[in-house]
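Following: one structure in structure tokens, then a few remarks.
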Amino acid sequence: RLDRRLALLPLATAAGTLLGAALLSPLLRGVSLTDALAVGSGFAYYSLSSVFIADLRSVELGTVALLCNILRELFTLLFAPLVARRFGPLAAVSIGGATTMDTTLPIVARAAGPQFVVVAIFHGCVLDFSVPWLVTLFCSL
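Numbering of the sequence shown is given in the numbering used here, commencing with residue 15 and proceeding in unit increments.
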């Protein structure tokens, strides 16, 4: 039986990702806070978020979103086992963003354990469905 508090993991992942994007935006010359938040709110769902951002903002920012989201997925594929050992199974789920329900699910399941497969799928689904709303919101500000 899973703890109901695990349902808050996608919210914690989204909050942490957006906080990280907000903290990095002053260090990135020419990237506004809303642009950084739009890119961050892709949550590794590069095929959708980059197209939205390219359409709503600019092709250049859409390309940045594509690269950032691909790198997040690649980081998850390479480092989920290390992250799980060092920070725990929920961290391995969290780093994958929206990809934990599909492309990174096998590596996250191996790293976090089979008992976290349902959590990873739920996490990925919630983040996946939030991407169009959040990207559109931040691009419209």
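Even for Gly, the Cβ is constructed at its ideal location relative to N, Cα and C.
(request) Evaluate the contact criterion for the segment 119-126 versus the segment 141-153: three or more CB pairs, one atom per stretch, below 8 Å. (result) Segments in contact, no.
(request) Please list the segments of the alpha helix (DSSP H) lying wholly inside the segment 74-139, counting only runs of 4 or more residues, in order along the chain. (result) With a minimum length of 4 residues, the continuous alpha helix (DSSP H) runs that stay inside the segment 74-139 are 103-109 and 119-126.
(request) Check whether the Cβ atoms of A52 and I67 lie closer than 9 Å to each other. (result) Taking the first residue of the sequence shown as 1, we reach residue 52 at position 38. Taking the first residue of the sequence shown as 1, we reach residue 67 at position 53. Contact: yes.
(request) Leaving aside the five residues before and after G138 along the sequence, list all residues of the same chain whose C-beta is less than 6 Å from its C-beta, in chain order. (result) Looking up residue 138 in the sequence shown gives position 124. A112, T114 and M115.
(request) State the start and end residues of the unbroken alpha helix (DSSP H) segment that holds S39. (result) Mapped onto the sequence shown, residue 39 falls at position 25. Looking at the DSSP string, S39 is not in any alpha helix (DSSP H), and its letter there is neither H nor E.
(message) Once the 5 residues before and after A98 are set aside, which same chain residues still bring their CB inside 6 Å of it?
(response) As a first step, residue 98 must be located in the sequence shown, where it is residue number 84. Contacts found: A106, A125 and A126.
(message) Once DSSP output is grouped into helix, strand and coil, what is the label at F156?
(response) Residue 156 falls outside the range modelled here, since the chain spans only 15 to 155, and no answer is possible.
(request) Please list, in chain order, all residues of the same chain as I135 whose beta carbon is under 6 Å from its beta carbon, the five residues on each side excluded. (result) The residue you call residue 135 lines up with position 121 of the sequence shown. Sequence-distant Cβ neighbours of I135 in its own chain, meaning closer than 6 Å and more than five residues away, are M115.
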